[in-house]
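Notes follow the structure.
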Ligand code: HEC
């Protein structure tokens, strides 16, 4: 009996530690440590934006952005949308120097391919619309 009680306390201790770990470190538990910075495929630099950045293109991009992107990236693309809180890594600040320093092709490539938790937008958003999005993202700097 005494032996059983000892085993039970050991078991509940292990359980408490386990639960504590799950609450404190959910990302580590899921194996989602913050990944390395995201670099576009080198070929992306050669992609030429076929859509001139006009008022019309930017406003098309803005419409899609509001529909598809604001939830994570926020209305100004700062990475603070309502859905951003639980994400790791956090949605990028699209107006930041780091993002804006990339050429259109790299931004287009990242939107197209995605990286967890951002989805592969080329499966949903037509190519021309993704260039409108790039033109809109350029207005966020
Ligand atoms: C589910 C949330 C979510 C949605 C919706 C989302 N994103 Fe993202 N986005 C992210 C996260 C998270 C990252 C950072 C990914 C990383 O660094 O691995 C990211 C990164 C990016 C980047 C790359 C920035 C860089 O250079 O590192 C671009 C560009 C981007 N998003 C644009 C968009 C556009 C445009 C849309 C809408 C079509 C969109 N995102 C919708 C979560 C989201």
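In my numbering, the protein residues as written are 1 to 141. Virtual Cβ for every residue (Gly too), placed ideally from N, Cα, C.
Residue j beta carbon less than 8 angstroms from that of residue i
i           : j           : result
residue 107 : residue 121 : no
residue 77  : residue 90  : no
residue 102 : residue 36  : no
residue 109 : residue 47  : yes
residue 133 : residue 65  : yes
residue 88  : residue 5   : no
residue 115 : residue 38  : yes
residue 138 : residue 53  : yes
CA-to-CA distance, residue j to residue i, given in whole angstroms
i           : j           : result
residue 129 : residue 84  : 23 angstroms
residue 51  : residue 131 : 6 angstroms
residue 105 : residue 136 : 14 angstroms
residue 140 : residue 94  : 7 angstroms
residue 21  : residue 96  : At residue 21 the pLDDT is 48, less than 50, meaning the model places this residue with poor confidence; the figure from the coordinates comes in the next sentence. If you take the alpha carbons of residue 21 and residue 96, they lie about 34 angstroms apart.
Where residue i falls: helix, strand or coil (DSSP)
i          : result
residue 28 : For residue 28, the predicted model reports a pLDDT of 46, less than 50, meaning its position is unreliable; a value from the coordinates is still stated below. In this structure, residue 28 counts as helix in the three-state DSSP scheme.
residue 21 : Note that residue 21 scores a pLDDT of 48, beneath 50, so its modelled location is shaky; the value from the coordinates is reported in the next line. The answer is helix: DSSP assigns residue 21 an H, G or I state.
| task | Would you check if there are 3 or more beta carbon pairs closer than 8 angstroms linking the region 54-74 to the region 83-102? | result | yes
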